[in-house]
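Q:
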Amino acid sequence: MSIWEYANPKKFLATTEKVMPALWVSSAVLISVGLIWGFFFTPDDYRQGSTVKIIFLHVPSALMAINAWFMMLVTSLVWVVRRHHVSALAARAAAPVGVIMTVIALITGAIWGQPMWGTWWAWDPRLTSFLVLFLFYLGYIALWEAIDNPDTAADLTAILCLVGSVFAVLSRYAVNFWNQGLHQGASLSLDEKENVADAFSNPLYVCMAGFVLLFIALVFYRTGTEIRARRIKALMARERLEA
Amino acid sequence: MPDLGKYADTVLSAYGASLLLLVALVVVTILRGRKVRREMETLETRMKRNG
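As they're listed, the protein sequences go chains S and R. Just so it is clear: in the first sequence, position 148 is 147 by numbering that gives the first Met the number 0, and no numbers are missing. Just so it is clear: in the second sequence, position 12 is 11 by numbering that gives the first Met the number 0, and no numbers are missing.
(1) May I have the straight-line CA-CA distance separating Lys232 of chain S from Trp3 of chain S, to the nearest angstrom?
(2) In the DSSP assignment, find the unbroken alpha helix (DSSP H) run with Thr41 of chain R in it and report its ends.
(3) Considering only their Cβ atoms, is the gap separating Thr14 of chain S from Ile53 of chain S smaller than 8 Å?
(4) What residues match up with Gly48 of chain S in a beta bridge as DSSP calls it?
(5) With distance defined between alpha-carbon atoms, name the residue in S:Ile35, S:Phe214 and S:Asn201 nearest to Pro1 of chain R.
(6) Buried or exposed for Trp68 of chain S, please, with buried defined as at least 16 other CB atoms from any protein chain shown within 10 angstroms of its CB.
(7) Can you give me, in chain order, the residues of the region 48-62 of chain S that have a beta carbon less than 8 Å from any beta carbon in chain R?
(8) Are the Cβ atoms of Thr101 of chain S and Tyr139 of chain S separated by less than 8 Å?
(9) I'd like to check one pair, Leu155 of chain S with Ile146 of chain S: are the Cβ atoms closer than 8 Å?
(10) Suppose contacts are defined by Cβ-Cβ distances below 8 Å. Is Leu22 of chain S in contact with Phe219 of chain S by that definition?
(11) Should Thr9 of chain R be flagged as near chain S, meaning a C-beta pair shorter than 8 Å?
(12) To the nearest whole angstrom, what separates the beta carbons of Trp143 of chain S and Ala152 of chain S, a pair I think is in contact under 8 Å?
(13) Please compile the residues from chain R whose C-beta is within a distance smaller than 9 Å of the C-beta of Arg221 of chain S.
(14) Between Ala196 of chain S and Trp78 of chain S, what straight-line distance do the alpha-carbon atoms span, to the nearest angstrom?
(15) Flag Val102 of chain S as yes if its beta-carbon sits less than 8 Å from any beta-carbon of chain R, otherwise no.
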């Protein structure tokens, strides 16, 4: 069995429909458990007080904002190289999910930053690269909507995705590239000094796993919708020809 | 409810905004999916009927 079998829309729909219930339920359970654990059963941080509880939404959403773009990059490259329509549609389906994850990361970051840094926003390297990533998401979605021919739209959005990947990388590593700004380093790290305490990291891992599964569920479901929308267009074109 | 101290508004507004956005994303995704599926099935039925 090859992964390219899923490039067949019928095979993709049949397979994803089987796993969708498990994905919805497991993502809902993990997110609920992680957030309840983090919100109700973790202590306050000695410096940040109860605002540390925002980490359980901020970090998973930021993680998915960046990785959604990488998923779009991989599926766009598959489209460019192998011309599989399902992969182009998967990239299109992931963009609105990525934009919402980016908005959540920006909003929770601003709300968290206000009491900790004394400002909602600063032109810090990580914050700025995240804002640019958000604008790339909007541009990507707008480009898909602006072009009628789906293959041309897939080609052009794939190029935009490639360019935007620079900012996805910067969003992740900005704090390492430029050792300046307000944003702290990575919350989860192999370096014990840098890593958050176990009391916070364990529920955080659960939330991150939940967000990953929710992302997969949403992308599978939305890709199925895009495949059906494409079929509707094809059927309508055939109906017009036969009329 | 844990005692969130002086940051209660901050923490609750972050949770409220995030959960609202997540729920809206899931609801909009499912509603559009159902609508498109219904449209496709109607179109396929009509085309079968018309040969």
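Where is the CB? At the ideal position from N, CA and C, for every residue including glycine. Because the structure is a prediction, the values reported are computed rather than measured.
A: If we stick to the structure as given:
(1) As a position in the first sequence, residue 232 of chain S is number 233, starting the count at 1. As a position in the first sequence, residue 3 of chain S is number 4, starting the count at 1. Put simply, the backbone Cα of Lys232 of chain S is about 24 Å away from that of Trp3 of chain S.
(2) Numbered from its first residue, the second sequence carries residue 41 of chain R at position 42. Element bounds for Thr41 of chain R: Ala7 to Arg48.
(3) As a working mapping, residue 53 of chain S is identified with position 54 in the first sequence. As a working mapping, residue 14 of chain S is identified with position 15 in the first sequence. The answer is no: Cβ separation not under 8 Å.
(4) Along the first sequence, read from residue 1 onward, the residue named residue 48 of chain S stands at position 49. S:Asp44.
(5) Locating residue 1 of chain R in the second sequence gives position 2, where the first residue counts as 1. It is S:Ile35.
(6) To locate residue 68 of chain S, count along the first sequence from 1; it is residue 69. It is buried - the Cβ of Trp68 of chain S has at least 16 other Cβ atoms within 10 Å.
(7) Gly48, Ser49, Thr50, Lys52, Ile53, Leu56, His57 and Ser60
(8) Numbered from 1 along the first sequence, position 102 holds the residue referred to as residue 101 of chain S. Numbered from 1 along the first sequence, position 140 holds the residue referred to as residue 139 of chain S. No, Cβ-Cβ distance for Thr101 of chain S and Tyr139 of chain S is not below 8 Å.
(9) Here residue 146 of chain S is taken as the residue at index 147 of the first sequence, counted from 1. Here residue 155 of chain S is taken as the residue at index 156 of the first sequence, counted from 1. Yes. Within cutoff.
(10) Within the first sequence, numbered from 1, the residue matching residue 22 of chain S stands at position 23. Within the first sequence, numbered from 1, the residue matching residue 219 of chain S stands at position 220. With contacts defined as CB atoms closer than 8 Å, Leu22 of chain S and Phe219 of chain S qualify as a contacting pair.
(11) For this step, residue 9 of chain R is matched to residue 10 along the second sequence. For Thr9 of chain R, the nearest beta carbon of chain S is closer than 8 Å to its own beta carbon.
(12) The sequence position of residue 143 of chain S within the first sequence is 144, counting from 1. The sequence position of residue 152 of chain S within the first sequence is 153, counting from 1. Confirmed, about 5 Å.
(13) Position 222 of the first sequence, counted from the start, is the residue given in the question as residue 221 of chain S. Here the neighbours are Thr28, Arg31 and Gly32.
(14) On the first sequence, position 197 is the one that residue 196 of chain S refers to. On the first sequence, position 79 is the one that residue 78 of chain S refers to. Rounded to whole angstroms, Ala196 of chain S to Trp78 of chain S spans 42 Å at the Cα level.
(15) Numbered from its first residue, the first sequence carries residue 102 of chain S at position 103. Yes, its Cβ sits closer than 8 Å to a Cβ of chain R.
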